[in-house]
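Sequential numbering from 325 applies to the sequence shown in the working numbering.
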Amino acid sequence: MSKAVESNVEEQRESVANPSRRWVFITWYPYCRRSDALGEQLGAPSYLVHYLRFKAPLMAPLKYVLQALKTVSILLRERPDGVLVANPPFVAPLVIWLGSVVLGYRIIVDAHSGAFQHSRWRWSLPLQRFLARRALATIVTNSHMAEQVRSWGGRAEMVQDLALDLGSVGESTHRGAFHVVFVCTYSIDEPVEAVLEAARRLPDVVFSFTGDPSYAPRGLRKAAPSNVRLTGFIPDDQYLGLLRSADAILVLTLEDHTMQRGGYEAVALEKPLITSHWPLLREVFSMGTVHVDNSPESIASAVRRIQADPGVFRMEMVALKRSRAVVAASQAENLRRLCQAHRVEGSEA
325 MSKAVESNVE EQRESVANPS RRWVFITWYP YCRRSDALGE QLGAPSYLVH YLRFKAPLMA
385 PLKYVLQALK TVSILLRERP DGVLVANPPF VAPLVIWLGS VVLGYRIIVD AHSGAFQHSR
445 WRWSLPLQRF LARRALATIV TNSHMAEQVR SWGGRAEMVQ DLALDLGSVG ESTHRGAFHV
505 VFVCTYSIDE PVEAVLEAAR RLPDVVFSFT GDPSYAPRGL RKAAPSNVRL TGFIPDDQYL
565 GLLRSADAIL VLTLEDHTMQ RGGYEAVALE KPLITSHWPL LREVFSMGTV HVDNSPESIA
625 SAVRRIQADP GVFRMEMVAL KRSRAVVAAS QAENLRRLCQ AHRVEGSEA
């Protein structure tokens, strides 16, 4: 049995020791850069709690029991005034809410796009509505989700941008062929086959597919052309090294209203980006980016555009990073004030 992954940075512990910031962030994933980054900005230690295999529905009942027990132990040890919790999986905020009934803390739910849209979680929408009404707020990434939360009688807080600090940035360290990193998890909303076909049309370009290929469509390895490399799931330092080696970063989704973590990473590393043409992604990634319709033709054309003038796209991405950092700081400050205001009210009660 694998051990639970538990991330809590010492600097975060020190800031949380301040009585105005006694919040923690709990996520039932083996990794989540969004939770870690947002927790750090809010002064809330980030705990990544996960057992057994990721994305294994048959193991879910046992996983959820183990993760619930680990979560309870964290809550009893930390005794927080408030808990931020990522959704999905929906069971995590449900457990956090049940704990709040006993321990008296407030909750903020960080709703990822899949929580409302993926068919796997649609059955839980009535329960999510129940929690939205009882949470201090629900964090969302777009106005569509915000409207849904408000229609339920809940409070929505928009956090579209994350000011990620991923270390050194700059031009590609990759030598040789033009290098595109396709950031994917082989989720059902990712057009993996279209990217494979685009790679076939660009034999002079190297494509690196991230993520665990055991989740990929059957036959992917045999179907992949020689210029496609499947990296498998790699440690974070190697993953960031891979992104730094890219001449362009590719992140795609077939679903509207879906924010892209890989897009944040491209901005942080000042890398040209190729992403889907949904309104949300056009709004957030407005410079240094080529938006595509997820077809092989548009993906291949986007690669050629960046390949023809990479310096222009990099300069635009530097400008986008600066402008979105202002938005990120404002959104994080609004959320920080909400957390601190609750703490002050609780202290005076």
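The beta carbon of each residue, even a glycine, is placed where N, CA and C say it ideally should be.
Computed from a predicted model, the values in this text were never measured in an experiment.
Residue-level contact to chain D via CB, residue i, 8 Å cutoff
| i | result |
| --- | --- |
| G587 | You won't find chain D in this structure, because it holds only one protein chain. |
Best match in the options for proximity to residue i [C-alpha to C-alpha]
| i | options | result |
| --- | --- | --- |
| I512 | S475, H503, R542 | R542 |
| Y355 | R377, T555, T462 | R377 |
| V529 | R629, F609, N466, T577 | R629 |
| V552 | V504, A410, L593, L455 | V504 |
| P674 | V396, S550, V651, Q452 | Shown here, the chain extends from 325 to 673; a query on residue 674 therefore has no answer. |
| V519 | A501, V426, V627 | V627 |
| K645 | E514, D571, D485, L567 | D485 |
| V373 | R453, L366, L427, V348 | V348 |
| E514 | R525, G500, A540, G491 | A540 |
| L422 | Q441, F454, R444 | F454 |
| G428 | W445, L451, Q452, L400 | L400 |
| S467 | L605, A653, V636 | L605 |
| Y371 | V407, V389, M383 | V407 |
Simplified DSSP assignment, three categories, for residue i
| i | result |
| --- | --- |
| H615 | strand |
| L662 | helix |
| D434 | strand |
| S600 | strand |
| A459 | coil |
| L567 | helix |
| T582 | coil |
| I420 | helix |
| T555 | strand |
| V408 | Per the sequence shown, residue 408 should be read as Leu rather than Val. Correct three-state label for L408: strand. |
| L393 | helix |
| L593 | coil |
| L576 | coil |
With 16 other Cβ atoms within 10 Å as the buried cut-off, status of residue i
| i | result |
| --- | --- |
| Q472 | buried |
| E621 | exposed |
| W447 | exposed |
| A456 | buried |
| E657 | exposed |
| Q562 | exposed |
| S532 | buried |
| A523 | buried |
| L593 | buried |
| V409 | buried |
| K387 | buried |
| P385 | exposed |
| A380 | exposed |
| C369 | Checking the displayed sequence, the identity of residue 369 turns out to be Pro instead of Cys. That one is buried. |
| D571 | buried |
| V650 | exposed |
| R568 | buried |
| E607 | exposed |
| V415 | buried |
| P559 | exposed |
Check whether residue i and residue j have beta carbons under 8 Å apart
| i | j | result |
| --- | --- | --- |
| V575 | G587 | yes |
| I398 | P417 | no |
| G612 | P596 | yes |
| T462 | S437 | no |
| V507 | T534 | yes |
| A662 | L460 | Sequence inspection shows Leu at residue 662; the Ala mentioned does not correspond to that position. Yes, these two residues count as a Cβ contact at 8 Å. |
| L488 | R357 | yes |
| R458 | P404 | no |
| W602 | D580 | yes |
| Y366 | E481 | It should be pointed out that residue 366 corresponds to Leu in this sequence rather than to Tyr. For L366 and E481, no; Cβs fall outside 8 Å. |
| V483 | Q631 | no |
Closer than 7 Å: residue i CB and nearest the ligand COA heavy atom
| i | result |
| --- | --- |
| E521 | Inclusion of the ligand COA in the displayed structure is not the case, the ligand content being empty and no account of it being possible. |
List in chain order: all unbroken alpha helix (DSSP H) runs of 4+ residues lying wholly within the segment 477 to 553. 516 to 525, 544 to 547
Any chance you could list the beta strand (DSSP E) runs of at least 3 consecutive residues sitting entirely within the segment 347 to 386, in chain order? 347 to 351, 370 to 372
Which runs of the alpha helix (DSSP H) fall wholly inside the segment 622 to 664 and span at least 4 residues, in chain order? Counting whole runs of 4 or more residues, the segment 622 to 664 contains no alpha helix (DSSP H) stretch at all.
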